[in-house]
Amino acid sequence: MTIRLQGVAPLPQEPHVAPTGHGDIAMEYVEPVVRIANCLGTPVCKYLQYHRKLNGYVRNFKRIRDELNCKMKDIELQLKAELLRPLGKIPKQGVENWLKDVKEMIREAQVVENKVSNGRYICRACSGKLVDEKTREMKEFLDKAPNASEGLAIDGPSAGLPLPTSELVGDEAVRNEIWACLMQEEVSKIGVWGMGGVGKTTIMKHIHYDLLKQQRFERVIWVTISKEFYVMKVQDNISRALESKEYLDKEEDKLRRAAILSEMLKKAGKHVLILDDVWDKVSLEEVGIPEPSDSNGCKLVLTTRSEHVCKYMGCKVIKVKPLSEEEALILFLSEVRPNMVQNQTLMPTLKLVVKECAGLPLTIVIIAGTLRGEDDPLIWKNALGELKERIGKVEEVEAKVIESLKFSFDHLKDKQVKHCFLYCTVYPEDFEIWKDNLIECWIKEGFIDDMGTRQEMKDKGHVILKKLEDNCLLENNTNKYGIPCVKMHDAVRDMALSITSMNPRYMVQAGLQLKELPKRGQWSPDIEKVSLMFNSISEIPTDVLPTKCQLLTTLLLLRNPIKKISYSFFTNMPCLCVLNLSFTKIESLPNSISELNNLTTLLLSGCSELRYLPCLSMLQELKKLDLSGTKIEEVPKGMDMLIKLRYIDLVVRTLKEIPAGLLPKLVHLQHLIFDVDNEKTSLKAEEMEPLKKLEYFKGCFQDINEFNKFISSMQQTNVALEPSLNEKAMEKVIEE
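Just so we're aligned, residue 1 is where the sequence shown starts under full-length UniProt numbering, counting upward by one.
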């Protein structure tokens, strides 16, 4: 077939426009004509090639597009992995730019594909040319892809780890002022102050990130101080932030620790040290922080609620003020729903609600989260009245913030959600709470209904977490290891603690470096939950035992160096349901444990010195038992009587055997774990066969036959399996 091309009359400067109502149809044909004209500018042979080999050009286009897309995803994944390493890194500027441009290129490629596949062009050659040009562009991007083998991020240890943060709202003037001070040699110490919830930490997180990107300082160190200040704790946090090999864990003398830390910071070179949430004056000399100066080029920035602290420490004082009415309204609308502005009936009341938030971003975000999705004017009027009444009862500014936050808590309609929220106060201030661990705690506390399967309970837990995050009462977060976490803002935690000090009654003294149990007078008879986790309590002697706590249901003593507990300690807690002694140095438990008839959860994970447990036969309500990481050699006596057990973790290397006939009696088990490297705890399928409710299992079987029998018996269930064969069984499998 021969094709001849003849001259085409030049297109008019302004294309003819069809009569009203047909303009779109007329313009639809202009683009194809222009494309044909453009094609005519190419050599005839190339034109023919575009025409005849269009399908080949399209295949090549898709191949390169897919390669580019895969390369982009690979680089994104590797970059994410590099940024999540403990040492921490920040993206190279070229990598960020390449990713941004490639995403735009792939979007353009999709537009081209849609046009060609929809037959937008009359001429096949035009389609071929368009596809070929875009293919060449994508090939250039593919050739210029960052070299992953050379790393995609700048070495983080020399600077620091970026921190997750929310979008910055408000006057840029404060941020610019802080930045200007950091860039000036004559300013060495900066104090950023303002009331709780005004946005000090958020501003500094953004500046922290900008400092990392600018690379003007060799290190940018972030340490949260919190209300309870302890020199040794601050020293440890700075040391860990430096990722130094010279940790202070083995050194106990404060002066020597200060000297070591001072040397660490000097070796860190020109750095910025940010101390967040400082409540009182800090002696830099006592901690071991070299005095910042223009000669060493180091800077100190602290955030605090006290102007006096800033002045006492010789800082350049910068105040963070509440948002203006306009800024507050913009933030509120962005959180509650931007299209609310179109509701003229609602807007006057909405503006009054925003006014009651006093320009505090924290309060604005939380109250907006509470009222998100509400369109009824009566609900808004009621909310306004309630806020005014609450805030009017108190005079102090901080108290007004607490009362406004209580409004959001009270509007959690589900009591179950309220209990789950209040439980978060048992953790130390500013603690990163792992989501999965928190849900496990809610389950063992009985906050989540016994719905049959553990998976259903976990799913319910995630629904509750989402509810609390949506209401901005918990901050969604991911720690530096990539583990999903939540945090409580310190003002929100203060609000929650003010509730738990009344009803229900909590006693929370977590992470305060306590060396002994709280005094007897602090253990009120109506107390329900006690959290003393992450302290330095080493012994619980008889002379400091609390009075009888009839209502105490939860006792959290994990992460204390406790070596001994007196016999009579637990006799004062007849209703105790949850006991957590994980990661203590306890060597044996007192026999009085056996008398806790209401105990549902006993957690001893990581108690590496524990060798003895008393008889557990009387613990008929026990549902969860975690003995992982202990040194026990025998399964506790009476364990076969615990027919309500649903969760057992026996990852214990020293365990000599699993008694025959034990597991078949525990028919309600849902979660079962053994040490897969301990041949002495290998199982037979007949022992597992009665466990019809099992959902998760990790363990070791004696041989391949037992393994196959187990798999066969479990085919009708939805159990998540992590079975293992011991070495001899594996050898047999290999031989077969």
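In this text, a Cβ means the ideal position worked out from N, Cα and C, and glycines have one as well.
Closest residue to residue i among the options (Cα-Cα distance)
| i | options | result |
| --- | --- | --- |
| Met670 | Glu695, Ile658 and Phe569 | Inspection of the sequence shows that residue 670 is occupied by Gln rather than by Met. Considering only alpha carbons, the answer is Glu695. |
| Val220 | Met502, Glu228, Ile207 and Val231 | Ile207 |
| Ser550 | Met533, Lys564 and Leu576 | The question names Ser, yet the displayed sequence has Gln at residue 550. Comparing Cα positions, the closest option is Leu576. |
| Cys126 | Asp294, Val174, Tyr57 and Leu182 | Tyr57 |
| Ile274 | Pro659, Pro338, Tyr209 and Arg646 | Tyr209 |
| Gly196 | Glu104, Ser588, Ile178 and Val492 | Val492 |
| His308 | Leu333, Val282, Glu291 and Gly288 | Val282 |
| Arg454 | Met495, Lys519 and Glu440 | Glu440 |
| Gly452 | Lys355, Asn97 and Arg646 | Arg646 |
| Met641 | Ser566, Leu662 and Leu627 | Leu662 |
| Val667 | Asp459, Leu691 and Glu456 | Leu691 |
| Glu185 | Gly199, Val417, Pro292 and Thr224 | Pro292 |
| Leu517 | Arg240, Leu497, Lys564 and Tyr481 | Lys564 |
| Phe697 | Ser498, Leu672 and Ile64 | Leu672 |
| Pro348 | Lys144, Pro377 and Asn597 | Pro377 |
Sequence-distant residues of the same chain with beta carbon closer than 6 angstroms to residue i, five excluded per side
| i | result |
| --- | --- |
| Gly191 | Leu302, Cys310, Cys315 and Val317 |
| Ile428 | Per the sequence shown, the amino acid found at residue 428 is Pro instead of Ile. Cβ within range, chain order: Ala510, Gly511 and Phe534. |
| Lys624 | Lys444, Thr601 and Tyr647 |
| Leu579 | Leu555 and Leu602 |
Terminal residues of the beta strand (DSSP E) in which residue i lies
| i | result |
| --- | --- |
| Thr584 | Here Thr584 belongs to no beta strand (DSSP E), and DSSP marks it neither H nor E. |
| Pro484 | Pro484 to Lys487 |
| Trp279 | Neither: Trp279 is in no beta strand (DSSP E) and is coded neither H nor E. |
| Trp193 | Lys189 to Trp193 |
| residue 750 | No answer is possible for residue 750: the residues shown for the chain start at 1 and end at 736. |
| Ile673 | His671 to Phe674 |
Terminal residues of the alpha helix (DSSP H) in which residue i lies
| i | result |
| --- | --- |
| Cys420 | Lys415 to Tyr423 |
| Tyr647 | Element bounds for Tyr647: not the alpha helix (DSSP H) but the beta strand (DSSP E), Tyr647 to Leu650. |
| Lys388 | Pro377 to Gly392 |
| Arg219 | Careful: Arg219 lies outside any alpha helix (DSSP H), inside the beta strand (DSSP E) at Arg219 to Ser226. |
| Cys126 | Arg124 to Asp143 |
| His308 | Glu307 to Tyr312 |
| Asn437 | Lys435 to Glu445 |
| Ile499 | Asp490 to Thr500 |
| Met457 | Arg454 to Asp470 |
| Phe332 | Glu325 to Val336 |
| Ile318 | It is not in any alpha helix (DSSP H) - Ile318 instead sits in the beta strand (DSSP E) that spans Lys316 to Lys319. |
| Lys267 | Lys254 to Lys267 |
| Val365 | Pro361 to Leu371 |
| Tyr696 | Counting along the chain, Tyr696 falls outside any alpha helix (DSSP H), though it belongs to the beta strand (DSSP E) covering Tyr696 to Phe701. |
Contacts around residue i, its chain only, beta-carbon distance under 7 angstroms, and the 5 residues preceding and following it disregarded
| i | result |
| --- | --- |
| Cys485 | Glu432, Ile433, Trp434, Lys435, Asn477, Thr478 and Asn479 |
| Val336 | Ala368, Leu371 and Arg372 |
| Asn38 | The pLDDT assigned to Asn38 is 47, lower than 50, so where the model puts this residue is not dependable, and the model offers no usable value. |
| Lys709 | Ala685 |
Own chain partners of residue i with C-beta closer than 8 angstroms, once the 5 adjacent residues on each side are dropped
| i | result |
| --- | --- |
| Asn678 | Val652, Arg653, Leu655 and Cys700 |
| Lys134 | Phe61, Glu108, Ala109 and Val112 |
| Leu514 | Leu532, Asn535, Ser536 and Ile537 |
| Asn69 | Ile106 |
| Arg175 | Leu168, Ile203, His206 and Ile207 |
CB contact flag (residue i, residue j, <8 angstroms)
| i | j | result |
| --- | --- | --- |
| Ser531 | Leu512 | no |
| Ile238 | Leu261 | yes |
| Ile562 | Ser538 | yes |
| Glu67 | Leu99 | no |
| Trp279 | Lys227 | yes |
| Leu604 | Ser582 | yes |
| Leu79 | Val95 | yes |
| Glu528 | Arg505 | yes |
| Met340 | Leu329 | no |
| Lys644 | Leu622 | yes |
| Gly297 | Ala259 | no |
| Glu633 | Pro664 | no |
| Met495 | Leu474 | no |
| Thr304 | Thr425 | no |
| Val394 | Glu403 | yes |
| Asp430 | Thr224 | yes |
| Lys266 | Pro290 | yes |
| Ile448 | Lys460 | yes |
| Lys254 | Met232 | yes |
Closer than 8 angstroms to chain C by CB, residue i
| i | result |
| --- | --- |
| Ile562 | This model lacks chain C altogether; it includes just one protein chain. |
Margin query: Can you confirm whether the region 323-342 touches the region 353-361 when touching is taken to mean that 3 or more C-beta pairs between the two stretches lie within less than 8 angstroms?
Written below: yes
Next item on the list: Inspect the CB distances between the region 382-392 and the region 403-419 and report whether three or more fall short of 8 angstroms.
Entry: yes
Notebook entry, point to check: Is the region 580-588 close to the region 600-613, with three or more CB pairs under 8 angstroms?
Noted result: yes
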